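Visitor: Below are the structure tokens for one structure; questions will follow.
Residue numbers (this note's numbering): 81 to 151.
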């Protein structure tokens, strides 16, 4: 995300993912929507309430999802 406040209806990727294709994008409407960038806007979206999204991010930061990463 940039220093400016993004348009909530705009799909965004993490700064570290800007030049990568294997990422997810999100946008914050009433809920938070997440989608796969490889689908180019044509695939499904996952919709999470803001509390569920915050829990998901906290778990990822704590390493709770590391077992899902292929090495």
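Idealized CB from N, CA, C, for every residue including glycine.
Treat the numbers as computed from the prediction; the structure is a model and nothing was measured.
1) Would residue 152 be called buried (16 or more neighbouring beta carbons within 10 Å of its own) or exposed?
2) Could you give the DSSP three-state label for residue 122: helix, strand or coil?
3) Quick check: the Cα distance between residue 113 and residue 119, rounded to an integer number of angstroms?
4) Suppose you measure from the CA of residue 128 to the CA of residue 106; what does that come to, to the nearest Å?
5) Just to confirm, is the Cβ distance from residue 141 to residue 117 under 8 Å?
Guide: Based on what the coordinates show:
1) Residue coverage of the chain in this structure runs from 81 to 151, which leaves residue 152 outside it and unanswerable.
2) Here DSSP, grouped into helix, strand and coil, assigns residue 122 to coil.
3) Just so you know, the alpha carbons of residue 113 and residue 119 end up roughly 14 Å apart.
4) Whole-angstrom Cα-Cα distance: 10 Å.
5) By the CB criterion at 8 Å, residue 141 and residue 117 fall outside the cutoff.
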